[in-house]
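S.K.: First, the structure itself, so that you have it in front of you.
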Ligand SMILES: [Fe+2]
Ligand SMILES: [Fe+2]
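If you want it as structure tokens, here you go:
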């Protein structure tokens with residue numbers, strides 16, 4: 777990486793980092809939607825995938841607005857969140873319910889990461905007086921905040937259901953959000 781010595785260069789670096797993170801999430805979210813057994817959770821992942829594609833497009837517009845070519849630079853932060861998920865799945869053989877509960881936590885971690893990143897990017901764009909960039913980044917930030925609220929609500933319901941169930945990992949058949957499916 778070339779030396780970063782100006783606010784504009786730092787802004788560009790942070791954009792590249794987030795561009796990588798969002799592109800990674802477009803690949804991860806379909807897998808999470810597939811892993812989730814809870815119907816509402818699975819749908820939330822699918823609808824956030826659509827939003828995430830919009831985040832990628834908005835970031836590309838931000839690059840253009842500041843006269844730069846969209847470029848991704850590896851983001852160890854999002855890779856770490858992804859790795860935490862992958863390792864849990866591999867090592868813990870979670871029951872259907874516990875996997876759903878875990879997925880809400882993994883999603884919340886990713887949203888918090890994105891919210892922190894966009895909050896910083898909006899401040900940087902504002903300081904640089906890049907008005908178009910501010911608007912585009914705020915749009916992404918708002919959707920991340922809404923996505924976090926949604927997953928927190930789903931998480932509370934799933935945990936409540938799980939604590940009301942037998943606790944041995946069996947499926948809660950009466951649970952409103954559960955869809956019948958078999959796991960291989
Ligand atoms: Fe996003
Ligand atoms: Fe997100």
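In this note's numbering, the protein residues as written are 777 to 960.
Even for Gly, the Cβ is constructed at its ideal location relative to N, Cα and C.
(1) Quick check for students: name the residue ranges of the alpha helix (DSSP H) that lie wholly in the stretch 809-864, counting only runs of 4 or more.
(2) Should residue 794 be labelled buried (16 or more other beta-carbon atoms within 10 Å of its own) or exposed?
(3) Span of the alpha helix (DSSP H) holding residue 923?
(4) Assuming the contact rule is C-beta atoms closer than 8 angstroms, residue 916 and residue 831 should be a hit. Round their C-beta distance to whole Å, please.
(5) Helix, strand or coil for residue 780? Go by DSSP, reduced to three states.
(6) Starting from residue 899 and walking both ways along the alpha helix (DSSP H), at which residues does that stretch end?
(7) Are there any heavy atoms of ligand 1 lying less than 7 angstroms away from the beta-carbon of residue 801, as far as the coordinates show?
(8) Would you be able to state if there are at least three C-beta pairs under 8 angstroms between the stretch 838-851 and the stretch 779-791?
(9) Buried or exposed: residue 797, going by 16 or more other Cβ atoms within 10 Å of its Cβ?
(10) Given 7 angstroms as the limit, tell me if residue 880 has its C-beta closer than that to any heavy atom belonging to ligand 2.
(11) Is the separation between the beta-carbon of residue 924 and that of residue 887 shorter than 8 angstroms?
(12) Roughly how many angstroms separate the alpha carbons of residue 853 and residue 890, rounded to a whole number?
M.R.: Judging by the given coordinates:
(1) Taking only runs of at least 4 residues, the alpha helix (DSSP H) segments lying wholly in the stretch 809-864 are 815-841.
(2) Taking the chain shown and counting its residues from 1, one reaches residue 794 at position 18. Residue environment: residue 794 is assigned as buried (16 or more neighbouring CB atoms within 10 Å of its CB, all protein chains considered).
(3) Taking the first residue of the chain shown as position 1, residue 923 is located at position 147. That run of the alpha helix (DSSP H) goes 907-940.
(4) Along the chain shown, one-based indexing puts residue 916 at 140. Along the chain shown, one-based indexing puts residue 831 at 55. That pair is a contact at about 5 angstroms.
(5) To locate residue 780, count along the chain shown from 1; it is residue 4. The DSSP-derived three-state label of residue 780 is coil.
(6) Along the chain shown, read from residue 1 onward, the residue named residue 899 stands at position 123. Run containing residue 899: 872-903, per the alpha helix (DSSP H) assignment.
(7) Within the chain shown, numbered from 1, the residue matching residue 801 stands at position 25. Yes.
(8) By the Cβ test, the stretch 779-791 is in contact with the stretch 838-851, since at least three Cβ pairs between them sit closer than 8 angstroms.
(9) Residue numbering aside, residue 797 sits at position 21 when the chain shown is read from its first letter. Result: buried.
(10) As a working mapping, residue 880 is identified with position 104 in the chain shown. Residue 880: no, Cβ never under 7 angstroms from ligand 2.
(11) As a position in the chain shown, residue 924 is number 148, starting the count at 1. As a position in the chain shown, residue 887 is number 111, starting the count at 1. In contact: residue 924 and residue 887 (Cβ atoms closer than 8 angstroms).
(12) Along the chain shown, read from residue 1 onward, the residue named residue 853 stands at position 77. Along the chain shown, read from residue 1 onward, the residue named residue 890 stands at position 114. Distance between residue 853 and residue 890, taken at the CA atoms: about 10 angstroms.
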